[in-house]
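As you go down the protein sequences, you meet chains A and B in turn. Going by the working numbering, the first sequence opens with residue 74, and the numbers climb by one from there. Going by the working numbering, the second sequence opens with residue 74, and the numbers climb by one from there. Here is the structure we will look at, set down as structure tokens.
There are 2 protein chains.
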Amino acid sequence: MVKNLDRRKSSILHAIIQEHIITASPVGSRTIAKKYDLGVSSATIRNEMADLEELGYLEQPHTSAGRIPSDKGYRYYVDILMNNKGINSDKLIKTLSEITKAKKGIHGIVSGITNMLSEFTKYATMITEPEFKNTKLSEVQLIKVTNNKLLLVMVTDNGFVSDKMINIQQDLDKRKIRYINNFLVNKITDKNINNLDKNYFDEIEDELLKKINLSQQLFNIINKEIKEIIDPRDVNIYIGGTSYILDQPEFNDIEYLKKVLNILDHEDTLKKLITAENNKEIEVRIGHENEMKEMQRCSVVIANYTIGDKAVGKIGVLGPTRMEYPRVISTVNIVSDILSKIISEVNK
Amino acid sequence: MVKNLDRRKSSILHAIIQEHIITASPVGSRTIAKKYDLGVSSATIRNEMADLEELGYLEQPHTSAGRIPSDKGYRYYVDILMNNKGINSDKLIKTLSEITKAKKGIHGIVSGITNMLSEFTKYATMITEPEFKNTKLSEVQLIKVTNNKLLLVMVTDNGFVSDKMINIQQDLDKRKIRYINNFLVNKITDKNINNLDKNYFDEIEDELLKKINLSQQLFNIINKEIKEIIDPRDVNIYIGGTSYILDQPEFNDIEYLKKVLNILDHEDTLKKLITAENNKEIEVRIGHENEMKEMQRCSVVIANYTIGDKAVGKIGVLGPTRMEYPRVISTVNIVSDILSKIISEVNK
DNA sequence: TTTTAGCACTCAACTAAATAGAGTGCTAAT
DNA sequence: ATTAGCACTCTATTTAGTTGAGTGCTAAAA
Numbered sequence: 074m075v076k077n078l079d080r081r082k083s084s085i086l087h088a089i090i091q092e093h094i095i096t097a098s099p100v101g102s103r104t105i106a107k108k109y110d111l112g113v114s115s116a117t118i119r120n121e122m123a124d125l126e127e128l129g130y131l132e133q134p135h136t137s138a139g140r141i142p143s144d145k146g147y148r149y150y151v152d153i154l155m156n157n158k159g160i161n162s163d164k165l166i167k168t169l170s171e172i173t174k175a176k177k178g179i180h181g182i183v184s185g186i187t188n189m190l191s192e193f194t195k196y197a198t199m200i201t202e203p204e205f206k207n208t209k210l211s212e213v214q215l216i217k218v219t220n221n222k223l224l225l226v227m228v229t230d231n232g233f234v235s236d237k238m239i240n241i242q243q244d245l246d247k248r249k250i251r252y253i254n255n256f257l258v259n260k261i262t263d264k265n266i267n268n269l270d271k272n273y274f275d276e277i278e279d280e281l282l283k284k285i286n287l288s289q290q291l292f293n294i295i296n297k298e299i300k301e302i303i304d305p306r307d308v309n310i311y312i313g314g315t316s317y318i319l320d321q322p323e324f325n326d327i328e329y330l331k332k333v334l335n336i337l338d339h340e341d342t343l344k345k346l347i348t349a350e351n352n353k354e355i356e357v358r359i360g361h362e363n364e365m366k367e368m369q370r371c372s373v374v375i376a377n378y379t380i381g382d383k384a385v386g387k388i389g390v391l392g393p394t395r396m397e398y399p400r401v402i403s404t405v406n407i408v409s410d411i412l413s414k415i416i417s418e419v420n421k
Numbered sequence: 074m075v076k077n078l079d080r081r082k083s084s085i086l087h088a089i090i091q092e093h094i095i096t097a098s099p100v101g102s103r104t105i106a107k108k109y110d111l112g113v114s115s116a117t118i119r120n121e122m123a124d125l126e127e128l129g130y131l132e133q134p135h136t137s138a139g140r141i142p143s144d145k146g147y148r149y150y151v152d153i154l155m156n157n158k159g160i161n162s163d164k165l166i167k168t169l170s171e172i173t174k175a176k177k178g179i180h181g182i183v184s185g186i187t188n189m190l191s192e193f194t195k196y197a198t199m200i201t202e203p204e205f206k207n208t209k210l211s212e213v214q215l216i217k218v219t220n221n222k223l224l225l226v227m228v229t230d231n232g233f234v235s236d237k238m239i240n241i242q243q244d245l246d247k248r249k250i251r252y253i254n255n256f257l258v259n260k261i262t263d264k265n266i267n268n269l270d271k272n273y274f275d276e277i278e279d280e281l282l283k284k285i286n287l288s289q290q291l292f293n294i295i296n297k298e299i300k301e302i303i304d305p306r307d308v309n310i311y312i313g314g315t316s317y318i319l320d321q322p323e324f325n326d327i328e329y330l331k332k333v334l335n336i337l338d339h340e341d342t343l344k345k346l347i348t349a350e351n352n353k354e355i356e357v358r359i360g361h362e363n364e365m366k367e368m369q370r371c372s373v374v375i376a377n378y379t380i381g382d383k384a385v386g387k388i389g390v391l392g393p394t395r396m397e398y399p400r401v402i403s404t405v406n407i408v409s410d411i412l413s414k415i416i417s418e419v420n421k
């Protein structure tokens with residue numbers, strides 16, 4: 074799809090992008106000639122820059138300014154040019170393990186890592202709470218809270234807990250509750266959650282309704298709540314480092330800044346922002362590649378983190394299109410790896 | 074402490090503050106004379122304004138500008154001048170009850186109300202998750218997760234759930250766990266949480282250690298986790314409406330905006346910001362009354378919400394000192410009342 | 001054919017000066 | 001005690017002028 078540029082054009086584009094990422098200003102031919110030892114004069118570079126502009130890799134804010142990379146230019150940089158040699162990960166790994174030790178429970182871990190990621194990248198970051206695909210339920214407990222409330226607690230084999238309060242109309246005595254509880258334990262623990270699909274629930278339902286005098290309505294509620302835990306519609310999302318956005322000169326425009334912050338303020342738009350394919354390890358969305366038009370001057374780096382082979386959550390970093398891609402991408406890679414390990418192994 | 078101003082000075086100060094809250098600009102004598110029917114000429118108002126400045130209620134950005142209220146001026150306004158007739162609360166109450174119905178669990182309710190409060194006030198808002206003072210534990214369940222992990226689930230009589238994963242070195246069989254569980258149920262449920270103090274735990278400890286062969290270390294861990302649930306060191310805090318901050322012209326200064334957002338970005342500073350006395354129903358902190366110097370161009374309205382007579386959480390609204398105090402205060406009052414009811418009565 | 005030196009041209013950004021206008025403070029009359 | 005009137009102050013806005021980074025083109029050199 075993307076036609077490769079010849080060697081010299083590549084070098085020049087590379088130099089311009091690197092320079093622009095540092096200075097945040099349009100880059101001129103003389104700067105490149107002086108700072109980057111390409112063995113050609115500024116005039117030659119000038120001609121090449123005109124070509125690169127015509128090909129769509131560069132843009133010119135106005136006639137007498139230097140060039141800035143276009144989204145296409147950044148895309149070429151990310152796909153082909155940049156050297157992805159990564160960062161020194163020692164400190165990152167150390168900090169991560171400290172967080173894991175200090176925090177208990179999924180909330181603390183995920184929000185701690187979100188903040189840490191933003192401190193390392195100096196951009197705004199977001200991480201969704203994991204869904205528990207590819208785990209097994211190791212415990213199910215139905216606790217009577219009051220006459221019309223049951224608490225359903227489910228523990229996954231990787232050590233996380235989910236609970237739901239269930240409103241019931243029908244009063245159930247403790248014995249019956251214990252019976253249902255045991256029934257559920259038999260049916261749904263120690264099985265991969267992915268296999269607990271609709272068909273399986275239908276089977277359970279039939280059996281349970283036959284065996285005890287449990288109203289259809291009650292079963293539906295319990296059923297629904299279990300499914301909700303296993304496959305939540307509404308996943309929490311954590312965000313950190315919002316104020317780093319203001320360090321970037323492209324957000325000095327208050328009106329624009331407001332649009333961006335407004336998106337970060339609302340869970341629904343935020344989730345839409347870091348929607349990504351589950352099967353890709355890492356996804357970089359540059360400028361107009363973002364669906365939301367308010368985000369089209371931003372880039373987002375999104376990674377999945379996993380349990381086994383299933384993506385269970387997303388890690389995202391948001392910055393201007395002039396983002397330090399190599400640093401961000403390798404940081405996100407490391408964090409998603411480690412987070413995958415943490416949530417997979419909490420219990421092992 | 075605050076000496077009362079005479080009637081005319083009061084009216085003029087009142088008019089200036091109201092005008093300034095609307096326009097966000099320095100207010101001149103002629104504007105007041107024209108817009109507010111005080112029955113005196115601009116020259117008289119001018120003289121009074123000079124007096125009010127000398128008394129510290131007004132400030133002049135520069136010689137040829139109008140006046141703006143000082144923190145002292147706002148304080149006088151909040152304590153004495155403003156009419157606290159409140160807002161039309163119908164819509165607010167309706168929205169609140171919708172949130173309560175739609176959301177289950179404390180996270181959803183508190184974060185939903187935080188967002189709603191910011192939408193109503195158009196300022197940034199924050200609400201802490203409730204601590205469970207003045208409730209009783211209605212259920213305690215110790216669930217074996219693995220050989221070295223127990224899950225402790227506690228349900229309060231107002232229907233909220235807290236859980237902690239406990240790492241244990243000693244392997245416990247199910248019977249022993251059930252024994253400890255029953256023991257705990259007997260000892261700590263159905264008692265007001267406030268009475269479960271250190272002495273009481275010492276008693277329990279003695280008894281439990283005597284009766285079963287439970288290592289001191291294990292008891293300490295369980296003990297600690299129970300205390301942590303009852304009196305958490307680390308309370309979650311929710312924040313909403315950050316982007317509304319940008320609507321206020323006083324935050325057009327990017328450097329200042331960054332300082333403020335930075336405070337909102339970090340849980341520790343955020344909590345410090347809405348620290349307030351537990352016994353006051355509502356607290357308004359104007360400008361320099363805020364401890365953090367980055368906040369001294371802001372005002373914060375803080376209310377406690379309660380279970381019974383105990384403050385269990387805080388509601389805060391953050392805006393510029395030029396905040397619409399009457400509207401914010403009455404909104405916060407209503408929300409804290411309702412939130413108190415919601416968390417007290419979830420289960421009744 | 002490719003590269004480069006040289007130069008006229010462009011245009012945003014900055015600077016300085018001029019102008020407008022909102023508002024004050026004081027004085028003298030009411 | 002109040003107010004009309006006016007000189008004075010100071011910011012904000014406008015306008016004109018200047019600077020300088022950077023381009024694109026041309027013609028010579030490699």
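For glycine and all other residues, C-beta sits at the position ideal for the given N, C-alpha and C.
**OP:** Just the C-alpha distance for Asn-77 of chain B and Glu-192 of chain B, rounded to the nearest angstrom, thanks.
**Re:** 36 Å
Subject >> Cβ pair count under 8 Å reaching 3, the segment 342 to 355 of chain B against the segment 369 to 378 of chain B >> reply: The segment 342 to 355 of chain B vs the segment 369 to 378 of chain B: in contact.
Original post:
Can you tell which of A:Gly-146, A:Lys-284, A:Arg-81 has the C-alpha that lies nearest to the C-alpha of His-361 of chain A?
Top reply: His-361 of chain A has its Cα closest to that of A:Gly-146, out of A:Gly-146, A:Lys-284, A:Arg-81.
**OP:** Between the Cα of Ile-302 of chain B and those of B:Lys-387, B:Lys-353, B:Gly-381, B:Lys-209, spot the shortest distance and give me the residue it belongs to.
**Re:** B:Lys-209
**OP:** Taking 7 Å as the cut-off, decide whether the C-beta atoms of Glu-276 of chain A and Leu-225 of chain A are in contact.
**Re:** no
Subject >> Helix, strand or coil at Gln-242 of chain A [DSSP, three-state] >> reply: coil
Original post:
Do you know how far the Cα of Phe-205 of chain A is from the Cα of Val-258 of chain B?
Top reply: 31 Å
Subject >> Collapsed DSSP secondary structure at Val-308 of chain A in the structure displayed >> reply: The three-state reading of DSSP puts Val-308 of chain A in coil, since its state is none of H, G, I, E or B.
**OP:** For the alpha helix (DSSP H) holding Pro-399 of chain A, just list the boundary residues, first then last.
**Re:** 398 to 418
Original post:
From which residue to which residue does the beta strand (DSSP E) around Tyr-378 of chain A run?
Top reply: 371 to 380
Original post:
For Gly-112 of chain A, which residues in chain B fall below 9 Å Cβ to Cβ?
Top reply: Residues of chain B passing the Cβ test: none, with the nearest at roughly 41 Å.
**OP:** Please compile the residues from chain B whose C-beta is within a distance smaller than 8 Å of the C-beta of Thr-315 of chain A.
**Re:** What Thr-315 of chain A touches in chain B: Thr-315, Leu-334, Leu-337, Asp-338.
**OP:** Per DSSP, which residues does Arg-358 of chain A bridge with? Please list them.
**Re:** Answer is A:Val-373.
Subject >> DSSP beta-bridge partners of Asn-265 of chain B >> reply: Per the DSSP secondary-structure output, Asn-265 of chain B pairs in a beta bridge with B:Lys-209.
Original post:
In whole angstroms, what is the alpha-carbon distance linking Glu-127 of chain A and Ile-95 of chain A?
Top reply: 24 Å
Original post:
Thinking just about the alpha-carbon of each residue, which of A:Ile-172, A:Gln-243, A:Thr-404, A:Leu-165 is nearest to the one in Gln-289 of chain A?
Top reply: A:Gln-243
**OP:** List the whole-angstrom C-beta distance separating Asp-270 of chain A from Ser-316 of chain B, where the pair is believed to meet the contact cut-off of C-beta under 8 Å.
**Re:** 40 Å between Cβ atoms; not a contact.
Original post:
Whose C-beta lies closer than 7 Å to the C-beta of Lys-421 of chain B among residues of the same chain, with five residues either side of it excluded?
Top reply: Caution is warranted here: a pLDDT of 46 is assigned to Lys-421 of chain B, below 50, making its placement in the model unreliable, and the coordinate value is therefore given only provisionally. No residues qualify anywhere along the chain.
Original post:
Out of A:Ile-216, A:Ile-261, A:Asn-267, which has the shortest C-alpha to C-alpha gap to Leu-245 of chain A?
Top reply: Nearest neighbour of Leu-245 of chain A by Cα position, chosen from A:Ile-216, A:Ile-261, A:Asn-267, turns out to be A:Ile-216.
**OP:** Report buried or exposed for His-93 of chain B, applying the criterion of at least 16 other Cβ atoms within 10 angstroms of its Cβ.
**Re:** buried
**OP:** Apply the 10 Å Cβ neighbour rule to Thr-394 of chain A and answer buried if 16 or more other Cβ atoms are within range, or exposed otherwise.
**Re:** buried
Original post:
So what's Asp-236 of chain B in DSSP terms, helix, strand or just coil?
Top reply: The answer is strand: DSSP assigns Asp-236 of chain B an E or B state.
Original post:
Can you give the Cα-Cα distance for Val-167 of chain A and Met-155 of chain B, rounded to whole angstroms?
Top reply: Correcting the residue type first, residue 167 of chain A is Lys in the shown sequence and not Val. Those two C-alpha atoms are separated by around 54 Å.
Original post:
Should the segment 117 to 135 of chain B be regarded as contacting the segment 400 to 414 of chain A, the criterion being three or more beta carbon pairs within less than 8 Å?
Top reply: no
**OP:** Locate the alpha helix (DSSP H) running through Val-183 of chain A, then write down its first and last residues.
**Re:** 178 to 194
Subject >> Three-state class that DSSP yields for Glu-278 of chain B in the structure shown >> reply: Judged by DSSP in its simplified three-state form, Glu-278 of chain B adopts helix.
Subject >> Residues from the segment 209 to 221 of chain A in contact with chain B, defined by Cβ distance under 7 Å >> reply: Ser-211, Glu-212, Gln-214, Ile-216, Val-218, Thr-219
Original post:
Can you give the Cα-Cα distance for Ala-175 of chain B and Ile-266 of chain B, rounded to whole angstroms?
Top reply: Their backbone Cα atoms lie some 29 Å apart in a straight line.
**OP:** For Arg-148 of chain B, collect the residues of the same chain with a Cβ closer than 6 Å to its Cβ; drop the 5 residues on either side in sequence, then sort them by chain order.
**Re:** Within the same chain, Arg-148 of chain B has close Cβ partners Ile-359.
Original post:
Between Ala-106 of chain A and the rest of its own chain, which residues show a CB-CB distance below 8 Å, the 5 nearest in sequence each way excluded?
Top reply: Val-113, Ser-114, Ser-115, Ile-118
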